[in-house]
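Engineer: The structure's right below; bear with me while I get my questions together.
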């Protein structure tokens, strides 16, 4: 009874001293833990984490059962395993940091700067032309059963991938894309990079996925598409040479059986920048104008 009373008093004290900053602290830590669990579950790191928990359980048991030799061994193991874990989890850590970086920039707006509204409209028009060209060419290649691998760059810059191919820097069109992926063309085996709605490069080499959950019936193009989507936020369109099937890879997930209409809708939703609200744009300028006047005084 005394134990329950003491516990209740402690709980009441915590509630009374609880502040907004404490709530924010709990929310942030919860988000970090949730993101870590989600990252581990979606990668091969999950099995390694299970192994670490088994060793931790062994260490706890060695303490309570007075298994001194086992406890000493596990102590030394955990002391020197930090650097080993950094090496083992390097791909997962890199992916997590890239996702954090993309997330921090995803909601940033540059349209409030003077003159940038016109630039956004021009970019939007270029992106629309690029999407139309990709959709039209995918439909043609699907009928002719010619393979294609098209990477549509978003926020993550793909300079290292572009360096492995040939710079094209041409206006997008279905005939151009189909000619590049014609099975006797010199660049047909590599990937095409679409940057800002332009055909920027072709014949590029993409990283293959290392996931062991990929279906065995997927070929090199599909594995490269998944691998590229795991290492960037790019949208990758694949046309199967064997079946003519159109697929899209985003964030390590491959979705298959797209039609011309569903492909267009998917790409527009993923690639096209959201049009800014004119009222929101105006209100975002007012504080900066007021501050400028105040500083001028």
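Residue numbers (my numbering): 116 to 412.
Glycine included, each C-beta is placed from N, C-alpha and C at the ideal position.
1) Tell me the residue span of the beta strand (DSSP E) that contains residue 370.
2) Based on Cα-Cα distance, which residue from 130, 124 and 311 lies nearest to residue 350?
3) Please check the pair residue 314 and residue 287, which I expect to be a contact at CB under 8 Å, by giving their CB distance rounded to whole angstroms.
4) Once the 5 residues before and after residue 137 are set aside, which same chain residues still bring their CB inside 6 Å of it?
5) Please state whether the Cβ-Cβ distance between residue 353 and residue 264 is less than 8 Å.
6) Under 8 Å by Cβ, that's how I've got residue 289 and residue 361 pegged, so tell me the actual separation to the nearest angstrom.
7) Residue 281 bridges to which residues according to DSSP?
8) Rounding to the nearest angstrom, what Cα-Cα distance links residue 335 and residue 356 in this structure?
9) For residue 331, name the three-state secondary structure that DSSP assigns.
10) Considering only C-alpha positions, which residue in the set 372, 358 and 128 is nearest to residue 260?
11) Given that a residue counts as buried once 16 or more other Cβ atoms are within 10 Å of its Cβ, and exposed if not, what is residue 191?
12) Can you name the residues that DSSP bridges to residue 264?
13) Could I get the ranges of all uninterrupted alpha helix (DSSP H) runs contained in the stretch 174-207, with 4 residues as the minimum, in chain order?
14) Relative to the alpha-carbon of residue 285, which residue among 299, 276 and 245 has its alpha-carbon at the smallest distance?
15) Using C-beta distances below 8 Å, list every residue in its chain close to residue 309, excluding the 5 sequence neighbours before and after it, in chain order.
16) If you count every other CB in all the chains shown that lies within 10 Å of the CB of residue 168, and 16 or more means buried, which is it?
17) Indicate the three-state DSSP secondary structure (helix, strand or coil) for residue 269 in the structure shown.
18) Suppose the cutoff is 6 Å on Cβ atoms and the five residues either side in sequence are ignored; what does the same chain contact list for residue 385 look like?
19) Output the distance between the C-alpha atoms of residue 262 and residue 298, rounded to the nearest integer angstrom.
20) In three-state terms, what does DSSP make of residue 387?
21) Just curious, the beta strand (DSSP E) that residue 300 is in, first and last residue?
22) Please report the residue range of the beta strand (DSSP E) in which residue 362 lies.
23) Is the CB-CB distance between residue 292 and residue 319 below 8 Å?
Structural biologist: Let me lay it out:
1) Looking at the DSSP string, the run of the beta strand (DSSP E) that includes residue 370 is 368-370.
2) 311
3) 5 Å
4) none
5) yes
6) Actually they do not touch by this definition, with Cβ atoms about 14 Å apart.
7) DSSP lists 317 as partners of residue 281.
8) 11 Å
9) Looking at residue 331 - three-state DSSP - the assignment turns out to be coil, as it is neither helix nor strand.
10) 358
11) Its Cβ having fewer than 16 others within 10 Å, residue 191 is exposed.
12) 353
13) 183-203
14) The shortest C-alpha separation from residue 285 is found at 245.
15) 245, 249, 265, 266, 267, 268, 287 and 315
16) Exposed: under 16 other Cβ atoms inside 10 Å.
17) coil
18) 350
19) 8 Å
20) For residue 387, the three-state secondary structure derived from DSSP is coil.
21) Secondary structure note for residue 300: it is in no beta strand (DSSP E), with a DSSP letter that is neither H nor E.
22) 361-365
23) no
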